[in-house]
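Colleague:
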Amino acid sequence: MFFAALFQTLVGQVVTVELKNDLCIRGTLLSVDPYLNVRLADVVVTEPEAFPALLALRHSCTVRGSCVRYVHLPPDQVDVQLLQDATRQVASAVKAARVRPVGE
Amino acid sequence: MDSMPGQHETQRPADFLRQILGRPAVVKVNNGAEYRGNLVCLDGYLNIVMEGTEEFVGGELKRRYGDVFLRGNNVIYVGPAPAK
Amino acid sequence: MSQALSEDLDQRVLVCLRDGRLFLGYLRSYDQYSNLVLEDAVERVVVRNEAFADVPCGLRVIRGENVVLFGRVADESGELRMRHRLRQVSEEEIRRMQEAAAADQAAVRRRDKLEWPVFDDGAF
Amino acid sequence: MQSAGSAAEGASTNGALTGGSILGEPSDLVRLCLDELVYVKLRGERELVGRLHGYDQHLNMVVGDAEETVMSTEVDEETFEQIVRTRKRKLPLVFVRGDTLILISPLFRQSGASR
Amino acid sequence: MRSAHVGASSSGDEASGQLLPLELVDVAIGSRVWVILKSAREFRGILRGFDEFVNLVLEDVTEYQFTESGTDTRQLPSMLLNGSNVCVLVPEGGASERTAA
Numbered sequence: 001m002f003f004a005a006l007f008q009t010l011v012g013q014v015v016t017v018e019l020k021n022d023l024c025i026r027g028t029l030l031s032v033d034p035y036l037n038v039r040l041a042d043v044v045v046t047e048p049e050a051f052p053a054l055l056a057l058r059h060s061c062t063v064r065g066s067c068v069r070y071v072h073l074p075p076d077q078v079d080v081q082l083l084q085d086a087t088r089q090v091a092s093a094v095k096a097a098r099v100r101p102v103g104e
Numbered sequence: 001m002d003s004m005p006g007q008h009e010t011q012r013p014a015d016f017l018r019q020i021l022g023r024p025a026v027v028k029v030n031n032g033a034e035y036r037g038n039l040v041c042l043d044g045y046l047n048i049v050m051e052g053t054e055e056f057v058g059g060e061l062k063r064r065y066g067d068v069f070l071r072g073n074n075v076i077y078v079g080p081a082p083a084k
Numbered sequence: 001m002s003q004a005l006s007e008d009l010d011q012r013v014l015v016c017l018r019d020g021r022l023f024l025g026y027l028r029s030y031d032q033y034s035n036l037v038l039e040d041a042v043e044r045v046v047v048r049n050e051a052f053a054d055v056p057c058g059l060r061v062i063r064g065e066n067v068v069l070f071g072r073v074a075d076e077s078g079e080l081r082m083r084h085r086l087r088q089v090s091e092e093e094i095r096r097m098q099e100a101a102a103a104d105q106a107a108v109r110r111r112d113k114l115e116w117p118v119f120d121d122g123a124f
Numbered sequence: 001m002q003s004a005g006s007a008a009e010g011a012s013t014n015g016a017l018t019g020g021s022i023l024g025e026p027s028d029l030v031r032l033c034l035d036e037l038v039y040v041k042l043r044g045e046r047e048l049v050g051r052l053h054g055y056d057q058h059l060n061m062v063v064g065d066a067e068e069t070v071m072s073t074e075v076d077e078e079t080f081e082q083i084v085r086t087r088k089r090k091l092p093l094v095f096v097r098g099d100t101l102i103l104i105s106p107l108f109r110q111s112g113a114s115r
Numbered sequence: 001m002r003s004a005h006v007g008a009s010s011s012g013d014e015a016s017g018q019l020l021p022l023e024l025v026d027v028a029i030g031s032r033v034w035v036i037l038k039s040a041r042e043f044r045g046i047l048r049g050f051d052e053f054v055n056l057v058l059e060d061v062t063e064y065q066f067t068e069s070g071t072d073t074r075q076l077p078s079m080l081l082n083g084s085n086v087c088v089l090v091p092e093g094g095a096s097e098r099t100a101a
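Protein chains in written order, with the UniProt record's numbering: chain L, 1 to 104; chain R, 1 to 84; chain B, 1 to 124; chain A, 1 to 115; chain V, 1 to 101.
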């Protein structure tokens, strides 16, 4: 959820999605859902020699979130300070919501 | 009933974990690597934090960590470090 | 995933599965698990950087959890770029090429075994 | 007769157990790593060293100024020798999916580097 | 999520002669078990307890890892085995006395 919101702010930016099968796809981020499935436009397969059949892709491409290893983000488009603050907030909210831990 | 072997020694996972907390432990993970260190804390997903940890791959010391967080889904087992 | 899927409805899509297989077909239906229904589907069998063949398989239901990615291939230029690298062959031809490639890999594995003598029973 | 595995008892393992440390639960260590240099070990013989900018409960992460090391073993075509190859690359800002993570360790609290 | 009725006083089930899977595990407590994981790894030891995720507490454990070059074994005094990797659990003797009780 938290990272879905981050990706939401990057819609329209060019990102590179690296999959667990080593496939890399660069494209403009069109949308993202809570499972972190991502949809890219104007996709380019960065290693066409390894995956020539995917050259047929052009218009858009949807990648299943669970198959993603990395998403390379544009550094100038992400406020890392904001991201850290948000992470801290979410972490403490998650902790507060949890049932009282045992073993105390 | 009372003659049942080991009846009184029954131990649930939560009890077991509580018992080994704060002590030297060994954790084996999916890729075969083994981590030996002091068990600091853990949660229900078997996420584990250890301190003063040594990483062994194939019996060989590969790396040392001050503190380390191990993601629970990769944990095969956790137990007290065997006495030397 | 599913809100994006509606845009691809009735388009010719390329689907890449976790085991590396590729399917093309007209996306006729889907559900919340992104299970896909492809009409007039073909399996695109690719051998290395040499050739491909489209093996017709009619109507296909693809289980969502096995899908790595999919996208539209309506654009002709993409198809052309692919054909630039891979020549199209018949199903019989691609099966022969697959077997040859598999035999090659088996040879590599046998060489690996020489390096790693697995059997103590004098099999080698 | 007692039962070793009643659900009510078992559910208590979902809470955190702590050995008298400042860390209440494992994720507290990850929180301490925020804005710090971390070492991350991933599946597929991959390692990252970089600054942790964000994470969530799945251990999805965003790491900045990272260097990735990928180790692969190959067999030499001629000599059949096993060669361990390491490739390194810079990743300016990267989102890492949590399900590939094996471990994370803060470098500032690391007592000894790799040998 | 699994059923919460893990061997909790199985008197009703005994009447029907049925033994739920986790009751079998419950009955094996205190006796030696053979645990086969999804990967090429097995364990033998005395079962001390388990929870609803079939996380297992084992004692006096032998670990077997099957590799291309043979089987590696090692001994451990006790361990908690993560249930998510467990494939098969085989009670190895001693269990029959307990069912009779």
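Using N, Cα and C, we set each Cβ at its ideal position, and we do this for glycine too.
Are R48 (chain B) and L24 (chain B) touching if we call contact CB-CB under 8 Å?
Modeller: Looking up residue 48 (chain B) in the third sequence gives position 48. Looking up residue 24 (chain B) in the third sequence gives position 24. It is not a contact, given that the beta carbons lie outside the stated cut-off.
Colleague: At 8 Å on the CB atoms, spell out the chain A contacts of I48 (chain R), in chain order.
Modeller: Start at 1 with the first residue of the second sequence, and residue 48 (chain R) comes out as number 48. Per Cβ cutoff of 8 Å: P26.
Colleague: Decide if F43 (chain V) is buried, meaning its Cβ has at least 16 other Cβ atoms within 10 Å, or exposed.
Modeller: Position 43 of the fifth sequence, counted from the first residue, corresponds to residue 43 (chain V). By the neighbour-count rule (16 or more Cβ atoms within 10 Å), F43 (chain V) is buried.
Colleague: Taking CB distances under 8 Å as the criterion, tell me whether Q2 (chain A) reaches chain L.
Modeller: Within the fourth sequence, the letter at position 2 stands for residue 2 (chain A). The predicted position of Q2 (chain A) is uncertain, since its pLDDT is 38 and thus under 50; no value can be drawn from it.
Colleague: For the beta strand (DSSP E) that contains K28 (chain R), what are its first and last residues?
Modeller: If you number the second sequence from 1, residue 28 (chain R) lands on position 28. First-last of the beta strand (DSSP E) with K28 (chain R): P24 to V29.
Colleague: Can you grab the Cα-Cα spacing for the pair S34 (chain B) / E36 (chain A), in whole Å?
Modeller: As a working mapping, residue 34 (chain B) is identified with position 34 in the third sequence. As a working mapping, residue 36 (chain A) is identified with position 36 in the fourth sequence. One C-alpha to the other measures close to 38 Å.
Colleague: How many Å lie between R88 (chain L) and R23 (chain R) at the Cα?
Modeller: Against the first sequence, residue 88 (chain L) aligns to sequence position 88. Against the second sequence, residue 23 (chain R) aligns to sequence position 23. Looking at the two C-alpha atoms, the distance is approximately 30 Å.
Colleague: Does the separation of the CB atoms of V78 (chain R) and V40 (chain R) fall below 8 Å?
Modeller: On the second sequence, residue 78 (chain R) is found 78 positions in, with the first residue counted as 1. On the second sequence, residue 40 (chain R) is found 40 positions in, with the first residue counted as 1. Contact: no.
Colleague: At a CB-CB cut-off below 7 Å, which residues of chain B make contact with L57 (chain L)?
Modeller: What you label residue 57 (chain L) is simply residue 57 of the first sequence in a count that begins at 1. Those are L14, G71, V73 and G78, listed as they occur along chain B.
Colleague: For Y39 (chain A), count the other beta carbons within 10 Å of its own beta carbon; 16 or more makes it buried, fewer makes it exposed. Which is it?
Modeller: As a first step, residue 39 (chain A) is located in the fourth sequence; it is residue number 39 there, counting from the start. Under this definition Y39 (chain A) is a buried residue.
Colleague: In this structure, how does DSSP classify N74 (chain R) when only helix, strand and coil are distinguished?
Modeller: One-based indexing of the second sequence puts residue 74 (chain R) at position 74. Correct three-state label for N74 (chain R): helix.
Colleague: Leaving out the 5 sequence neighbours to the left and right, which residues in its chain are closer than 6 Å to N30 (chain R) when beta-carbon positions are compared?
Modeller: Position 30 of the second sequence, counted from the first residue, corresponds to residue 30 (chain R). These residues qualify, in order along the chain: N74.
Colleague: Does the CB of V40 (chain R) have a neighbour CB from chain V at under 8 Å?
Modeller: By one-based count along the second sequence, residue 40 (chain R) stands at place 40. Cβ-Cβ to chain V under 8 Å: no for V40 (chain R).
Colleague: Using 8 Å as the limit for Cβ to Cβ distance, is Y35 (chain L) near chain A?
Modeller: Along the first sequence, one-based indexing puts residue 35 (chain L) at 35. Output row for Y35 (chain L): interface = no.
Colleague: Taking DSSP as the reference, what is the three-state secondary structure of T62 (chain L)?
Modeller: Looking up residue 62 (chain L) in the first sequence gives position 62. Three-state DSSP puts T62 (chain L) in a strand.
Colleague: Could you pull out every residue in the same chain whose Cβ sits closer than 8 Å to the Cβ of V75 (chain A), ignoring the five residues on either side in sequence?
Modeller: Taking the first residue of the fourth sequence as 1, we reach residue 75 (chain A) at position 75. So the list reads E81, Q82 and I83, once near-sequence residues are dropped.
Colleague: Could you give the uninterrupted runs of the beta strand (DSSP E) lying entirely in the stretch 1-81 of chain L, keeping only those of 3 residues or more?
Modeller: Runs found: 14-19, 24-32, 38-45, 60-63 and 68-72.
Colleague: Could you tell me the distance, in whole angstroms, from the CA atom of N38 (chain R) to the CA atom of E47 (chain L)?
Modeller: The count along the second sequence starts at 1 and reaches residue 38 (chain R) at position 38. The count along the first sequence starts at 1 and reaches residue 47 (chain L) at position 47. So the alpha carbons of these two residues sit roughly 44 Å apart.
Colleague: In chain order, which continuous runs of the beta strand (DSSP E) of length 3 or greater are located wholly inside the stretch 41-113 of chain A?
Modeller: Those beta strand (DSSP E) runs which fall completely within the stretch 41-113 of chain A and span 3+ residues are 46-55, 61-75, 82-96 and 101-106.
Colleague: How would you list, in chain order, the residues of chain L whose beta-carbon sits under 9 Å from the beta-carbon of P106 (chain A)?
Modeller: Position 106 of the fourth sequence, counted from the start, is the residue given in the question as residue 106 (chain A). Chain L residues near P106 (chain A): none, gap ~15 Å exceeds 9 Å.
Colleague: Please state whether DSSP places F53 (chain V) in a helix, a strand or coil.
Modeller: On the fifth sequence, residue 53 (chain V) is found 53 positions in, with the first residue counted as 1. It is coil, neither helix nor strand.
Colleague: Alpha carbon to alpha carbon, how far is R87 (chain B) from E50 (chain B)?
Modeller: Along the third sequence, one-based indexing puts residue 87 (chain B) at 87. Along the third sequence, one-based indexing puts residue 50 (chain B) at 50. Roughly 7 Å separates the two Cα atoms.
Colleague: Cα-Cα, which of B:D104, B:R95 and B:L14 is closest to D40 (chain B)?
Modeller: On the third sequence, residue 40 (chain B) is found 40 positions in, with the first residue counted as 1. Selected option, being the one with the closest Cα: B:L14.
Colleague: Considering V30 (chain A), what are the terminal residues of the alpha helix (DSSP H) in which it resides?
Modeller: Reading the fourth sequence from its first residue, position 30 is the one you call residue 30 (chain A). That run of the alpha helix (DSSP H) goes P26 to L32.
Colleague: Should V27 (chain V) and L56 (chain V) be called a contact, given that it needs their Cβ atoms to be closer than 8 Å?
Modeller: The residue given as residue 27 (chain V) occupies position 27 in the fifth sequence. The residue given as residue 56 (chain V) occupies position 56 in the fifth sequence. Not closer than 8 Å, so no.
Colleague: Kindly confirm or deny that the stretch 78-95 of chain L and the stretch 18-35 of chain L touch, where touching means at least three C-beta pairs closer than 8 Å.
Modeller: Contact fails: fewer than three Cβ-Cβ distances are below 8 Å.
Colleague: Can you say whether Y35 (chain L) is buried or exposed, counting buried as having 16 or more other CB atoms within 10 angstroms of its CB?
Modeller: The residue you call residue 35 (chain L) lines up with position 35 of the first sequence. By the neighbour-count rule (16 or more Cβ atoms within 10 Å), Y35 (chain L) is not buried but exposed.
Colleague: So is N73 (chain R) in contact with chain V if we call contact Cβ pairs under 8 Å?
Modeller: Counting from 1 along the second sequence, the entry for residue 73 (chain R) is found at position 73. Judged by the 8 Å Cβ criterion, N73 (chain R) is in contact with chain V.
Colleague: L91 (chain A) versus chain L: which residues are under 9 Å apart at the beta carbon?
Modeller: For this step, residue 91 (chain A) is matched to residue 91 along the fourth sequence. Simply Y70 and H72.
Colleague: Given that a residue counts as buried once 16 or more other Cβ atoms are within 10 Å of its Cβ, and exposed if not, what is L9 (chain B)?
Modeller: If you number the third sequence from 1, residue 9 (chain B) lands on position 9. Its Cβ having fewer than 16 others within 10 Å, L9 (chain B) is exposed.
Colleague: Compare the C-beta of L52 (chain R) with all C-beta atoms of chain V and state if any pair is closer than 8 Å.
Modeller: The residue labelled residue 52 (chain R) in the question sits at position 52 within the second sequence. Reading off the sequence shown, one finds Gly at residue 52 (chain R), where the question assumed Leu. No, its Cβ sits nowhere closer than 8 Å to a Cβ of chain V.
Colleague: Three-state secondary structure (DSSP) at I94 (chain B)?
Modeller: As a working mapping, residue 94 (chain B) is identified with position 94 in the third sequence. Three-state result, I94 (chain B): helix.
Colleague: Using CA coordinates, which residue listed in A:D99, A:G24, A:N60 and A:T100 is at the minimum distance from D43 (chain R)?
Modeller: Your numbering for residue 43 (chain R) matches position 43 in the second sequence. Nearest of A:D99, A:G24, A:N60 and A:T100 to D43 (chain R), Cα basis: A:G24.
Colleague: I need the DSSP call for T10 (chain R), collapsed to helix, strand or coil.
Modeller: On the second sequence, residue 10 (chain R) is found 10 positions in, with the first residue counted as 1. Looking at T10 (chain R) - three-state DSSP - the assignment turns out to be coil, as it is neither helix nor strand.
Colleague: Return helix, strand or coil for E23 (chain V), following the three-state DSSP convention.
Modeller: One-based indexing of the fifth sequence puts residue 23 (chain V) at position 23. Reduced to three states, the DSSP call for E23 (chain V) is helix.
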